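Asks:
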Amino acid sequence: MSRKYILALVILIAVGLGIGIWAMYPSPTSNPPHSDNQTQYTNPDWVFPLVIEPATPLPDFRPVVAKVMPSVVSVTTEIVTSDFFGHQYTEYVAGSGIVIDDKGYIATNNHVVEDAQSIYVELADGRTFPANTVGTDILSDLAVIKIDARNLTYIYLGNSSLLSVGGWVLAIGNALGEGITATEGIVSRLNVSVTVEGNTLYGLIQTTAAINPGNSGGPLVNMAGEVIGITSVKIVASNVEGMGFAISSNEAKPIIEELIRYGHVTYPWLGVKVSSVTPLLAASENLAVDRGALIAEIVADGPADVAGLKVGDVIIHFEDEEISNLAELVQAIRSSEVGEEIEIVFVRGQDTKTTSARLAEYPAS
Numbered sequence: 000m001s002r003k004y005i006l007a008l009v010i011l012i013a014v015g016l017g018i019g020i021w022a023m024y025p026s027p028t029s030n031p032p033h034s035d036n037q038t039q040y041t042n043p044d045w046v047f048p049l050v051i052e053p054a055t056p057l058p059d060f061r062p063v064v065a066k067v068m069p070s071v072v073s074v075t076t077e078i079v080t081s082d083f084f085g086h087q088y089t090e091y092v093a094g095s096g097i098v099i100d101d102k103g104y105i106a107t108n109n110h111v112v113e114d115a116q117s118i119y120v121e122l123a124d125g126r127t128f129p130a131n132t133v134g135t136d137i138l139s140d141l142a143v144i145k146i147d148a149r150n151l152t153y154i155y156l157g158n159s160s161l162l163s164v165g166g167w168v169l170a171i172g173n174a175l176g177e178g179i180t181a182t183e184g185i186v187s188r189l190n191v192s193v194t195v196e197g198n199t200l201y202g203l204i205q206t207t208a209a210i211n212p213g214n215s216g217g218p219l220v221n222m223a224g225e226v227i228g229i230t231s232v233k234i235v236a237s238n239v240e241g242m243g244f245a246i247s248s249n250e251a252k253p254i255i256e257e258l259i260r261y262g263h264v265t266y267p268w269l270g271v272k273v274s275s276v277t278p279l280l281a282a283s284e285n286l287a288v289d290r291g292a293l294i295a296e297i298v299a300d301g302p303a304d305v306a307g308l309k310v311g312d313v314i315i316h317f318e319d320e321e322i323s324n325l326a327e328l329v330q331a332i333r334s335s336e337v338g339e340e341i342e343i344v345f346v347r348g349q350d351t352k353t354t355s356a357r358l359a360e361y362p363a364s
């Protein structure tokens, strides 16, 4: 076979192999298979829509903190307690307080100063004073203490009835005993009731502002720098977050005034134990109404007993207030005066009746 023939044969085989390889791997510039879905919805001119209005900026909390911080104090109490073997030792508890006038009166929580052997207050400027207890109230978890100091920077208690869910608030206090800190949040709920160790607190403000041990007794303030609540409790559980509570300023004001004037709080008393009526309770107990306060117990010779109320009656009106649940009845009673005669509308069986009761003073026990 001639050399030219062999060369021609090699060239022919090489060309054939190249064509085969090209067929197996098409050129990158070749057109992809036609897709109606792809071409129908594409738009080469698309851009992100224009922002019509700029996002609302967060409020500036710095002026509020600067206004409130000088009136917030750290409260440290010494409590003598015993261990399992009966050995006594001193325990230190951290809390917070609010300077409410220039004469040294400070509002805080009852549970902060309860059973304290001694109380110390540290002001924002670093000065420390021993404090005396003016008065405490277990039912509201409020207390007033006093230091021997003058010309103090104090803060006003605002009107908590002007609050609305979603409004910005700040919690300021001695968190974890590490000094005064500020945390922001919003109002989550209003007029909340929470039971703590058998005692129910009413008219609370629920907030997402972080509340930690040591915050108790500190202020919850609005954006005007007014105290609209006194931080009190927090629900602590592994699956719960952002549920702190403050005693509303409108609930706290009259109690603080009584503590300063008399050293204790006098509550009106009806002499009943009640529960809230719900549709489920109404159905199970065959009640004629699905709202109100169901009387579960009556104290013998108490105001309700004297007025002729009985276990099983459902209170639906208290003076001018419509009563839908236990909390509303408690608040209506506390808004009244000892010795005041109150008209009560209640449901007994299928009948609606009216009576009057003269409120007595809440028993010390």
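With the first letter of the sequence shown counted as 1, position 308 gets the number 307 in numbering that gives the first Met the number 0; the numbers rise by one all the way through.
Ideal Cβ positions, reconstructed from N, Cα and C, are used throughout, including at glycine.
As the structure is a prediction and not an experimental result, all values here were calculated from the model.
Could you give the distance in angstroms between the alpha-carbon of P302 and the alpha-carbon of N131?
Replies: For the purposes of this step, residue 302 is taken as the residue at position 303 of the sequence shown. For the purposes of this step, residue 131 is taken as the residue at position 132 of the sequence shown. Approximately 36 Å between the Cα atoms of the pair.
Asks: Look at the Cβ atom of A170, then the Cβ atom of T182, and state whether they are nearer than 9 Å.
Replies: Position 171 of the sequence shown holds residue 170. Position 183 of the sequence shown holds residue 182. Yes, they are a contact pair.
Asks: Taking 8 Å as the limit between beta carbons, can you name the residues of its chain near V402, skipping five residues before and five after?
Replies: This structure cannot speak to residue 402, because the chain is shown only from 0 to 364.
Asks: Quick one: what's got a C-beta closer than 7 Å to K252's C-beta in the same chain, skipping five residues either side?
Replies: Start at 1 with the first residue of the sequence shown, and residue 252 comes out as number 253. Here the set comprises L156.
Asks: According to DSSP, is D136 part of a helix, a strand, or is it coil?
Replies: To locate residue 136, count along the sequence shown from 1; it is residue 137. Strand.
Asks: Could you check the C-alpha separation between I255 and I185 for me, to the nearest Å?
Replies: Walking along the sequence shown from the start, residue 255 turns up at place 256. Walking along the sequence shown from the start, residue 185 turns up at place 186. Computed Cα separation, rounded: 25 Å.
Asks: Can you tell me where the alpha helix (DSSP H) holding D350 begins and where it ends?
Replies: One-based indexing of the sequence shown puts residue 350 at position 351. First-last for D350: 350-357, but that is the beta strand (DSSP E), not the alpha helix (DSSP H).
Asks: In whole angstroms, what separates the C-alpha of R260 from that of G134?
Replies: Locating residue 260 in the sequence shown gives position 261, counting from the first residue. Locating residue 134 in the sequence shown gives position 135, counting from the first residue. In a straight line, the C-alpha of R260 is about 9 Å away from that of G134.
Asks: Thinking C-beta only, is A287 closer than 9 Å to V346?
Replies: Taking the first residue of the sequence shown as position 1, residue 346 is located at position 347. Taking the first residue of the sequence shown as position 1, residue 287 is located at position 288. The answer is yes: Cβ separation under 9 Å.
Asks: Can you list, in chain order, the stretches of the beta strand (DSSP E) that have 3 or more residues and sit fully within the stretch 119-205?
Replies: Complete beta strand (DSSP E) runs here, min 3: 127-136, 141-146, 167-172, 180-195.
Asks: Where does K102 sit, in a helix, a strand or coil, going by DSSP?
Replies: The residue you call residue 102 lines up with position 103 of the sequence shown. K102 falls in the coil class under three-state DSSP.
Asks: Looking at V67 and V120, is the spacing between their C-beta atoms short of 9 Å?
Replies: The residue given as residue 120 occupies position 121 in the sequence shown. The residue given as residue 67 occupies position 68 in the sequence shown. Contact: no.
Asks: Report the residue from G165, G176, A299 whose alpha carbon sits nearest the alpha carbon of T206.
Replies: Working through the sequence shown from its first residue, we reach residue 206 at position 207. Nearest option by C-alpha distance: G165.
Asks: Touching or not, the stretch 305-323 and the stretch 347-359, by the rule of three or more beta carbon pairs under 8 Å?
Replies: Because the criterion of three Cβ pairs below 8 Å is met, the stretch 305-323 and the stretch 347-359 touch.
Asks: Have a look at the DSSP bridge pairing and note the partners of A245.
Replies: Residue numbering aside, residue 245 sits at position 246 when the sequence shown is read from its first letter. Note: A245 sits in a beta bridge opposite I204, T230.
Asks: Are the Cβ atoms of S163 and L200 separated by less than 9 Å?
Replies: Along the sequence shown, one-based indexing puts residue 163 at 164. Along the sequence shown, one-based indexing puts residue 200 at 201. No, the pair does not count as a contact, with Cβ atoms beyond the cut-off.
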